Structure formats: structure tokens, C-alpha cells
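Residue numbers 0 to 439, in numbering that gives the first Met the number 0, belong to the letters of the sequence shown in order.
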Amino acid sequence: MSYGMIATVMFASMALLMATGQRVFAAIGSVAAVAAIMLWGTGGAEIPFTSAMKLMNWYPMLTLPMFIFMGYVLSESKIADDLYKMFHVWMGPMPGGLAIGTIGLMVLVSAMNGLSVAGMAIGATIALPELLKRGYDKRMVTGVIQAGSSLGILVPPSVVLVLYAMIARQPVGQLWLAGLVPGLIMAALFIIYIVVRCRLNPSLGPVLSKEERNVPRAEKLRLLGAGVLPLGIFAVMMVPFVNGWTSLVESSAIGAMAAFIAAIVKKRMTKTVFENSVRNTLAISCMFMWIILAALGFGAIFDGLGAVKAIADLFTNQLGLSPWMILIMMQLSFLVMGTFLDDTAMLVIVAPLFVPLVHALGFDLIWYGVLYTITCQIAYMTPPFGYNLFLMRAMAPPEISLRDIYGSIGPFVGIMLFALILIMVFPELSLWLPDYVYGK
């Protein structure tokens, strides 16, 4: 059997196992283990062992539980609720102000947690009922929450970029800095869209009533202070890292400790909050580590087969495709896969093939990591089986139908596609910040 046929059988076997509902790491890891033993006999058993040792020795992996714990402490202690109250009071008096505030909330939640699901949960449970109660258009605000939550895997500390860094063997810090500017650009584009829509049609985002706008200045300042707290935690964590005073792992520990102390100071660190934060941190950290372990084993098989060189030769020499055409085909495949897989599954499935191929074609792997995350989030919001669409349906109130959810995402998907093209055409938008920081 040729190496190309072996690679095809491995991918087909993995897809078949996933179709039966098996966990991602089990499907990928079992195919890798069986393939290793069939190809190299008992010596193939060393591959998963070596992958496990590589994972355990990867020092930056310590950031994963730290950032997840930080996010859960801030979420479980209801500090995110204070954020929304701040945006409610300060942004409510302008047309579409609460929707703009929701985007701001999502950016800060992303900086607190690093997972898009967390932003979706907070937006759907805190922001959405308040927006609907005040007469906001249900289609527009449903799209706002889905689009805003997409920033979770792009704005640091993105957990998904940690996973990409491990698989692509790239520095986590550079990936986070590379995702920051594109994430803020996307947030700014969402806000511009909301402002323009609500100026043209004020009924989509009515201003708050006079009674609600009559908030004493002292209360507004108190809420501003409460809302700035997560920003302060983010600054305490990131400023020493950006200036080179601390390593990435040390900064993650500072962030986790700052969130813990903030919850204690605000008298919200109860036994229940602590227990839930630790349990959720352990569960998600273990899930990611199993996935990375399986991906490393799978990637080792591909490296041993030389399948990547064969595929690169097929595309460039036999089919005559240019590097940019191959890159666009990769992005389109992400859009298709994203209709039925989550971002971690997509990355683990295609990383052994795509990441070495991108490197062989001469593209920057840091830049490609940003393209991957944006494309994943577009795929999440694309019918018929977008992951975010069904998450929103599960969390939204009964008056929002699946038709409303599907109809809400068109403009935001268009904005995200525009941002993706912008980053592809101007790679400096994502690369200048890590180049500046690490060059300094």
C-alpha cells in the first residue's frame, strides 16, 4: 500500500469513528495507535509514549489550567455581571448602545476566559433577556451575541491558540499577540455595523427610557470601577509579560491569583464558587491535554510516512496550483468542516496535514494560526449545522426561533469574511505586534 493510500485510510477511519459519536481524542488516538503498530510493529508503541513525554515536558502547557481557572473564577463569582451593568448604564442612552455594550462585554469576557462558549453563555443569559426586554430587534441582538462570542478564541488568552501552538510548535505568546489586533479590528467592525444600522433604523436599538437613564453620577462611577476590575486583572497579567518582566507561565499564574484575590476582596469567593471553578478547570484542562496527546501521536505517524511531502508535490507540481490557491482551498475546507465539527476537532484532524504544508509553501505559521481561528469562527456561524447556531438555540429564550438565529448571522458572517480577507492581504495587521514586542 502506498503512503498516500495509508494516509487516506487513516483519515477515513478517523472520520468514521467520529461519525459514531466517539470522543475526538479517542477517535484520533486509537487510529494513530493502531496505524503505528501495523506500520512499525511493537516499536510503534513508542510513539504514544514519546508524545506523552513531549506533552509533559512542554512548560507553556502550564498556562492552560491557569487561564481557565482565572476565567471560571471571574465568571462564577459574577464579576461578569458587573461588567454588563456598567455597559448598561454608560452605553444605554445612545441608539444601539446596549448592543455596542454587549460587544464590549464579549471582548472583556474573551480576555477573562479564552473560550467562545463562555462568551456565548454570558451573552445569552445576561445580555439577551435585557436587550429583548428593552425592545431591541431580536434578530440583530442574536447575531450580536453570536458574533461577539466568536472573539473568545482570538483575543488573548485564547485557549485554542494554546492548542494550535502545541501542535504547530509555535510560541504561545507570539500567537496571542498576533490575535489581539485582528480581534479588536473585528470588534470595531461589529460596533460600526451596529451604529450604522441603528442610525438608519432607530427602532432596531432604542435608547433607554428616561427613568433608566436617571442614574446618579456616584452610582455610574461605582459601576465604572466595578467594570474596570477585569481590565485591571488583564493589565496586571499582560503588562509584565509584554515588557519581558515575566514569562508566559508566570503571567498566567499572576492572572489566576489576581482573579482569586479580586473575588475574595468582593466577598464572592464562596465554597461553591471555588469548587465549581476547580472542577471545571480540571475537566477542560484534561480534555485539552488528551486531545493534544492524540494529535501529537497522529502527527508523528504522518511525519514518519512523509505524507505531507507527497501531498505538497501533488498540489504544486502535478496539479500546478500556486501557494495562495492551496491556502484558499484550506480555508474553504475549514468552512465546510466547521458545519459539523468544533474548532479543536478541526485543528487536530487537519493539523498534521495543513501545518507542515503551510510551512512548506513558505507562509508564516503565526499568521496562519490567526487565519485558522477566524475561519473556524465563521464556520461556527454558518448554516446548516454551525456549532454556534445550536449553542444559541439551546441558551436563547423561547421567543427566539431557529429561523431567527439563522437569519441573524448573515451581516456578521460578511464582516468576519471581510476581516479574514483583510488579514490575508495585509499580514502585518497580525504580525507587527509580536514582531515589535519580541524584537524589542
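Glycine included, each C-beta is placed from N, C-alpha and C at the ideal position.
In this text the structure is predicted, and so the values were computed from the model without any measurement.
Quick one: residues in its chain with C-beta nearer than 8 Å to the C-beta of residue i, no 5 flanking neighbours on either side, listed in chain order?
| i | result |
| --- | --- |
| residue 414 | 146, 185, 188, 189, 192 |
| residue 440 | The requested residue 440 does not occur in the structure, where the chain is confined to residues 0 to 439. |
| residue 471 | Because the chain in this structure spans residues 0 to 439, residue 471 falls outside the shown range and cannot be described. |
Looking at the structure shown, is residue i part of a helix, part of a strand, or coil, going by DSSP?
| i | result |
| --- | --- |
| residue 160 | helix |
| residue 0 | coil |
| residue 62 | helix |
| residue 135 | coil |
| residue 322 | helix |
| residue 55 | helix |
| residue 332 | helix |
| residue 290 | helix |
| residue 406 | helix |
| residue 44 | helix |
| residue 106 | helix |
| residue 242 | coil |
| residue 270 | helix |
| residue 400 | coil |
| residue 177 | helix |
| residue 169 | coil |
| residue 84 | helix |
| residue 21 | coil |
| residue 16 | helix |
| residue 231 | helix |
| residue 395 | coil |
| residue 93 | coil |
Assuming residue i contacts residue j under a Cβ cut-off of 8 Å, what Cβ separation, rounded to an integer in Å, is found between them?
| i | j | result |
| --- | --- | --- |
| residue 31 | residue 293 | 7 Å |
| residue 67 | residue 280 | 5 Å |
| residue 353 | residue 329 | 6 Å |
| residue 350 | residue 298 | 7 Å |
| residue 391 | residue 13 | In fact, because the Cβ distance is near 28 Å, the residues do not count as touching under 8 Å. |
| residue 83 | residue 125 | 5 Å |
| residue 215 | residue 94 | Not a contact, Cβ separation roughly 24 Å. |
Where does the unbroken alpha helix (DSSP H) through residue i begin, and where does it stop?
| i | result |
| --- | --- |
| residue 256 | 247-264 |
| residue 132 | 127-132 |
| residue 427 | 427-438 |
| residue 374 | 364-379 |
Less than 6 Å between C-beta atoms, sequence neighbours within five positions excluded: which residues of the same chain meet that for residue i?
| i | result |
| --- | --- |
| residue 387 | 145, 379, 380 |
| residue 36 | 43 |
| residue 219 | 88 |
| residue 433 | 173, 176, 177 |
| residue 102 | 147, 186, 189, 190 |
| residue 17 | 26 |
Going along the chain, which residues of its own chain have a beta-carbon closer than 7 Å to the beta-carbon of residue i, five neighbours each way excluded?
| i | result |
| --- | --- |
| residue 90 | 96, 97, 99, 100 |
| residue 364 | 167, 169, 354, 357, 358 |
| residue 399 | 137, 141 |
| residue 276 | 68, 71, 72, 75 |
| residue 437 | 173 |
TODO: With a floor of 4 residues, list each alpha helix (DSSP H) that falls wholly inside the stretch 182-222, ordered by position along the chain.
DONE: 209-212
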